[in-house]
Amino acid sequence: MGPVRRPVVIGSIGELLVEFVCAEKDGRNLVSAPYVGPFPSGAPGIFIDQAARVAASFGGRALFAGAVGDDAFGSVILDRLVADGVDRGLIRVVPGVPTGSAFVSYNSDGSRDFVFNIAHSAAARLPALEEIATGFLAAGIWVLHISGSMLGDAAMRAVGLALCEKLANQGVAISIDPNIRGELISDAGYIEALRLIIAMAAYVLPSDADAEVLYPGQDFDTWSGRLLSGAAEVVVLKRGDQGCIGRDASGTVALSAHSVTVVDPTGAGDCFCATLVTLLAAGQPLAKALARANAAGALAVQKLGPMEGNSSLAEIDGMN
Ligand code: ATP
Ligand code: MG
């Protein structure tokens, strides 16, 4: 695969969390069991960490707006993001409230249960809208990525939506991973905000589960075609161990998943999206960017912890 040369500037915003992974299955976070963590996490945090790693290969930059508490868990997150090259200028350290957290427990049927602590934690105390917009634009941002997981909290949702509108009006490409988590749907405004962002997005990146909620009973050709006749430039369906399908104006590309042993699937989608969007924004054609994202997702599921399986472009190309 050829080198990518354009130095992309990519930004994201939302909840920064530490995550604890239950070491035993089927307890649904109800049963006392060993948990492994703290791991740095939060869907947009996983995304921006991977975007920074990929962008580093061609002089690009990754920026994040969010908040952590002034505590050990905050350090776990900040230290990792900074070590991996994320610009932390818009990550606040908020005194007096703990860092956000998530607890995940897996079930034998492949489903998972989360307990999130976002709304009443530092994770929800984002910098002010104007500060974020000014900072991102001053840095020359090209792409703003939103994970739907930040839309659960009404205050965060308002900032996310307004930021998308503001930056889209300035020519910034919006990227959206619906990333619908039942545990985070607090009111009807969640799906409404998601649909508004999807309508203005250049990159629309749902999973099979997201598509079932957003486009029930419709096949990929139908709903992706409708998005591509609007603002979307690229639509990708993430299909877990079934791989992925991507579509742009030049056609459709379907890839099967790499055959790997799954240790922890959480975070694969965020890692996949970051790899894909960073490369697309840098000018790489869909087929090449999708192949690299498909490999990044396969690398991600092989490690315990949501962002422990993030990877460099060199590691990704070692898979393909
Ligand atoms: P999450 O929200 O938990 O981060 P997601 O549902 O958004 O995940 P997935 O479809 O699970 O996203 O994973 C994204 C991509 O990662 C897939 O499209 C595929 O390329 C890769 N991937 C995921 N699971 C596997 C697997 N078991 N084996 C190989 N590749 C996988
Ligand atoms: Mg997801």
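Note that the working numbering gives residue 182 to position 198 of the sequence shown, counting from 1, and the numbers run on in steps of one. We put the beta carbon where it would ideally sit given N, CA and C, even for glycine. As the structure is a prediction and not an experimental result, all values here were calculated from the model.
- Contact annotation: Leu121 and Leu151 have beta-carbon atoms nearer than 9 Å.
- Counting C-beta pairs closer than 8 Å gives three or more between the region 275 to 285 and the region 230 to 246, which meets the contact rule.
- Closest by C-alpha distance to Ser25, out of Leu212, Gly293 and Leu297, is Gly293.
- In this structure, Gly124 sits away from Pro111, with a CB-CB distance that is not shorter than 9 Å.
- Here DSSP, grouped into helix, strand and coil, assigns Arg76 to strand.
- Looking at Ala258, Leu274 and Glu(-1), the one whose alpha-carbon comes closest to that of Val(-8) is Ala258.
- Restricting attention to Ile181, Leu62, Ala146 and Val15, the CA atom closest to the CA of Pro162 is found in Ile181.
- Under the DSSP assignment, Ala279 falls in the alpha helix (DSSP H) whose first and last residues are Leu270 to Ala284.
- Here Leu270 really is in contact with Val218; their C-beta atoms are around 6 Å apart, less than 8 Å.
- Checking the 8 Å criterion, the Cβ of Ser105 is out of range of every heavy atom belonging to the ligand ATP.
- Rounded to the nearest angstrom, the Cβ distance from Ile102 to Asp137 is 6 Å, consistent with a contact under 8 Å.
- Pairing Pro28 with Ile(-6) gives a Cβ-Cβ distance that is not under 9 Å.
- With fewer than 16 other CB atoms across the displayed protein chains lying within 10 angstroms of its CB, Lys9 is exposed.
- Counting along the chain, Tyr174 sits inside the alpha helix (DSSP H) bounded by residues Gly173 to Met184.
- Per the coordinates, the alpha-carbon of Ala86 lies some 32 Å from the alpha-carbon of Leu211.
- For Val60, the closest C-alpha among the options Ala139, Gly173 and Phe23 is that of Phe23.
- The residue from Ala67, Gly235, Asp55 and Trp207 with its alpha-carbon nearest to that of Arg37 is Ala67.
- With a cutoff of 9 Å on beta-carbon distance, Glu167 and Asp97 are scored as near each other.
- Counting only the Cα atoms, Val2 lies some 14 Å from Asp33.
- Residue side-chain check: Gly253 places its Cβ nearer than 8 Å to a non-hydrogen atom of the ligand ATP.
- Scanning the region 70 to 121 from its first residue to its last, the whole beta strand (DSSP E) runs of 3-plus residues come out as 70 to 78, 84 to 90 and 96 to 101.
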